[in-house]
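Participant: Sequences listed follow chains A and B, in order.
Note that full-length UniProt numbering gives residue 51 to position 51 of the first sequence, counting from 1, and the numbers run on in steps of one.
Note that full-length UniProt numbering gives residue 36 to position 36 of the second sequence, counting from 1, and the numbers run on in steps of one.
Glycine included, every Cβ here is placed at the ideal spot set by N, Cα and C.
This one's a predicted model, so the numbers in the text were calculated from it and none came from an experiment.
This is the structure, below, for whatever I ask next.
Protein chains: 2
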Amino acid sequence: MRLADLGERSGVPLATVKYYLREGLLPPGRRVNATQAEYDESHLRRLRLVRAMIQVGRIPVATVREVLAHVDDDSLGLTVRLGAALWALPHPAGEAPGAPAEAAGPSREAADDPHRAAADLLVDELLARLGWSAARELGALSPAHRALVATLATLHRLGYPLDADDLLPYARTMEQAAAHDLDRMEQLPTPREQTEYAVASAALFEPVLLNLRRLAQCEESNRRYGL
Amino acid sequence: MRLADLGERSGVPLATVKYYLREGLLPPGRRVNATQAEYDESHLRRLRLVRAMIQVGRIPVATVREVLAHVDDDSLGLTVRLGAALWALPHPAGEAPGAPAEAAGPSREAADDPHRAAADLLVDELLARLGWSAARELGALSPAHRALVATLATLHRLGYPLDADDLLPYARTMEQAAAHDLDRMEQLPTPREQTEYAVASAALFEPVLLNLRRLAQCEESNRRYGL
């Protein structure tokens, strides 16, 4: 299809499509003559992903470019490819502005900050009890690990200390959700499409999950306490 | 304790404590003479909650005030009190800027927007299959319901259509999480403390949940595909 058709089928304004092309977020089409290029279904899929990351996920263009570089890296094994793409996404750390920049670096500040030290120990214990050996081994290399420690340190500092028994049921349900995610991902034919799906799911599915949680809270509260 | 002690024990700067008092986010202390007032553990608890909502949850002061008005309303039954406090919190809707303002109102736009209509049907089917009768009955009155429909409409528009089979396992895990939330909440002695806990959990626990999900994805991917 031509560029105009790509815009029309995706519902993305043509000027925006051209901007994504210039920024390298969308690979160039196959040139058919001096003024025209052909685009295919893979361009349409990529265009939707880019649009969703930028407009729904509010992810900065430079970050989108970095994530896509990993998505497109056919030299990587699937775990590393998925990991690299997902790690490049922003990680929400429930962190008070003005607090030590905990999400930024590894655990070296732990010695100076009792809340941080408590959070570090808590995550260690949690991962050990879950038997999540890869997550333990990667430790603070993983941005999700760092963001989790930072969030728990903030909660601890604010007077909401949690323990591993509090977190275990949530971690177990997230384990089930992750297995379901990968089941769904495996239905896609190529590693590239699989990685694209994982990125879309991580970036876009979070509001779905959070609102399901709020609905479930309301439902369970109705069941227990009536209206 | 005196105001200065309140600041010290909470770790919140005194100027900030005074600002929260002026804004009515913290109830006044018990006046002991012309220049002094006494504060107690309930002030400390409230101060931590306010600080957490504003600094970790990034919730606007006016919204915090509204949420706390429901938390403090002893005339309400527990379900309504919880519901009112949680409903007043911001709800993340994965919505493209420039898209129709779906989260703003009830379903009247559905007729004009096929994506919105599909999302409406999907949420109806999901709630029916879950047997979440309160959530069905409340429907678009609930901001979580509206935000969920808006998010699914956006995903549909962007070419990521989901069906009830996709959502059911997530909803079931959120149901378990909600039951665990309320179990924990019920350990607190008064309806006010219980509602405070629910608000803190809704506003602050979300980054914990999302980062556990990312960690679980990485772990499961390692298990299935190796490193």
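Determine the DSSP secondary structure at A:Glu41, reduced to helix, strand or coil.
Facilitator: Numbered from 1 along the first sequence, position 41 holds the residue referred to as residue 41 of chain A. Helix.
Participant: Note down the Cα distance separating A:Thr154 from A:His115, rounded to an integer number of angstroms.
Facilitator: Along the first sequence, read from residue 1 onward, the residue named residue 154 of chain A stands at position 154. Along the first sequence, read from residue 1 onward, the residue named residue 115 of chain A stands at position 115. Those two C-alpha atoms are separated by around 7 Å.
Participant: Using a beta-carbon distance cut-off of less than 7 Å, what residues from the stretch 48-76 of chain B approach chain A?
Facilitator: If the cut-off is 7 Å between Cβ atoms, the stretch 48-76 of chain B has Arg48, Arg51, Ala52, Gln55, Val56 near chain A.
Participant: Per DSSP, which residues does A:Arg81 bridge with? Please list them.
Facilitator: Here residue 81 of chain A corresponds to residue number 81 of the first sequence, with the count starting at 1. Partner(s): none; A:Arg81 has no beta bridge.
Participant: What does A:Gln217 reach in chain B if we use C-beta pairs closer than 8 Å?
Facilitator: Residue numbering aside, residue 217 of chain A sits at position 217 when the first sequence is read from its first letter. Leu82, Leu86, Ala178, Asp181, Leu182, Ala198, Ala202, listed in chain order.
Participant: Would you mind working out which of A:Asp112, A:Pro143, A:Ala52 sits nearest A:Ser10, comparing C-alpha positions?
Facilitator: To locate residue 10 of chain A, count along the first sequence from 1; it is residue 10. Of the listed residues, the one whose Cα sits closest to A:Ser10 is A:Ala52.
Participant: List the endpoints of the continuous alpha helix (DSSP H) containing B:Leu76.
Facilitator: Here residue 76 of chain B is taken as the residue at index 76 of the second sequence, counted from 1. No alpha helix (DSSP H) contains B:Leu76, which DSSP labels as neither H nor E.
Participant: Mind checking which residues open and close the alpha helix (DSSP H) that includes A:Arg213?
Facilitator: Within the first sequence, the letter at position 213 stands for residue 213 of chain A. Looking at the DSSP string, the run of the alpha helix (DSSP H) that includes A:Arg213 is 206-225.
Participant: Taking CB distances under 8 Å as the criterion, tell me whether A:Tyr19 reaches chain B.
Facilitator: Position 19 of the first sequence, counting from 1, holds the residue named residue 19 of chain A. By this cut-off, A:Tyr19 is not an interface position.
Participant: Using a Cβ-Cβ cut-off of 8 Å (strictly less than) and excluding sequence neighbours within five positions of B:Pro13, which residues of its own chain qualify?
Facilitator: Position 13 of the second sequence, counted from the start, is the residue given in the question as residue 13 of chain B. Around B:Pro13: Gly7.
Participant: Just how far apart, CA to CA, sit A:Thr190 and B:Ala119?
Facilitator: Here residue 190 of chain A corresponds to residue number 190 of the first sequence, with the count starting at 1. Here residue 119 of chain B corresponds to residue number 119 of the second sequence, with the count starting at 1. Answer to the nearest angstrom: the Cα atoms are 28 Å apart.
Participant: Check B:Arg31 in the structure and name its three-state DSSP category.
Facilitator: Taking the first residue of the second sequence as 1, we reach residue 31 of chain B at position 31. In the structure shown, B:Arg31 sits in a strand (DSSP, three-state: E or B).
Participant: Given that A:Leu152 touches chain B, what residues does it touch there, using C-beta distances under 9 Å?
Facilitator: Working through the first sequence from its first residue, we reach residue 152 of chain A at position 152. Neighbours of A:Leu152 on chain B, chain order: Val208.
Participant: Apply the 10 Å Cβ neighbour rule to residue 230 of chain B and answer buried if 16 or more other Cβ atoms are within range, or exposed otherwise.
Facilitator: Past the edges of chain B, shown from 1 to 227, lies residue 230 of chain B, and the structure says nothing about it.
Participant: Between the Cα of B:Gly226 and those of A:Leu78, A:Leu168, A:Pro60, spot the shortest distance and give me the residue it belongs to.
Facilitator: Here residue 226 of chain B refers to the residue found at position 226 of the second sequence. Ranking A:Leu78, A:Leu168, A:Pro60 by Cα distance to B:Gly226 puts A:Leu78 first.
Participant: Would you mind working out which of A:Arg136, A:Asn211, A:Glu175, A:Ala203 sits nearest B:Ala216, comparing C-alpha positions?
Facilitator: Indexing the second sequence from 1 puts residue 216 of chain B at position 216. Checking every option, the nearest Cα to that of B:Ala216 belongs to A:Glu175.
Participant: Within 10 angstroms of the Cβ of A:Ala150, are there 16 or more other Cβ atoms? Answer buried if so, exposed if not.
Facilitator: Position 150 of the first sequence, counted from the start, is the residue given in the question as residue 150 of chain A. Counting Cβ neighbours within 10 Å, A:Ala150 comes out buried, since at least 16 surround it.
Participant: So A:Pro169 is in the alpha helix (DSSP H); what residue range does that whole segment cover?
Facilitator: Start at 1 with the first residue of the first sequence, and residue 169 of chain A comes out as number 169. Start and end: 164-185.
Participant: From which residue to which residue does the alpha helix (DSSP H) around A:Arg159 run?
Facilitator: Taking the first residue of the first sequence as 1, we reach residue 159 of chain A at position 159. For the sequence presented, residue 159 of chain A should be read as Gly rather than Arg. First-last for A:Gly159: undefined, no H or E at that position.
Participant: What three-state label does DSSP hand B:Met53 in the structure shown?
Facilitator: Here residue 53 of chain B corresponds to residue number 53 of the second sequence, with the count starting at 1. Three-state result, B:Met53: helix.
Participant: For B:Gln36, does the three-state DSSP call read helix, strand or coil?
Facilitator: Stepping through the second sequence from its first residue, residue 36 of chain B is reached at position 36. Coil.
Participant: Please confirm whether A:Ala200 and B:Tyr160 have their CB atoms less than 8 Å apart.
Facilitator: The count along the first sequence starts at 1 and reaches residue 200 of chain A at position 200. The count along the second sequence starts at 1 and reaches residue 160 of chain B at position 160. A contact, by the Cβ cut-off of 8 Å.
Participant: Just reading off the alpha helix (DSSP H) that A:Arg58 is part of, what are its end residues?
Facilitator: Here residue 58 of chain A corresponds to residue number 58 of the first sequence, with the count starting at 1. Per DSSP, A:Arg58 belongs to no alpha helix (DSSP H) and is neither H nor E.
Participant: Determine the direct distance from the alpha carbon of B:Leu209 to that of A:Ala84, and round the result to whole angstroms.
Facilitator: Within the first sequence, numbered from 1, the residue matching residue 84 of chain A stands at position 84. Within the second sequence, numbered from 1, the residue matching residue 209 of chain B stands at position 209. Those two C-alpha atoms are separated by around 21 Å.
Participant: Of all the residues that make up the stretch 118-132 of chain A, which are near chain B by a beta-carbon distance shorter than 7 Å?
Facilitator: Correct list: Trp132.
Participant: For B:Ala99, I'd like the list of residues in its chain whose CB is within less than 6 Å of its CB, leaving aside the five on either flank, ordered along the chain.
Facilitator: Residue 99 of chain B sits at position 99 when you count from the first residue of the second sequence. Confidence is the limiting factor: at B:Ala99 the pLDDT is only 43, short of 50, which leaves the residue's position unreliable and the question unanswerable from this model.
Participant: Measuring straight from C-alpha to C-alpha, what distance separates B:Ser42 and B:Val67?
Facilitator: For this step, residue 42 of chain B is matched to residue 42 along the second sequence. For this step, residue 67 of chain B is matched to residue 67 along the second sequence. Using only the alpha carbons, I get a separation of about 17 Å.
Participant: Write down the C-beta distance between B:Leu168 and B:Leu122 rounded to the nearest angstrom, noting that I regard them as a contact closer than 8 Å.
Facilitator: Here residue 168 of chain B is taken as the residue at index 168 of the second sequence, counted from 1. Here residue 122 of chain B is taken as the residue at index 122 of the second sequence, counted from 1. The pair is not a contact, with the Cβ atoms about 11 Å apart (cut-off 8 Å).
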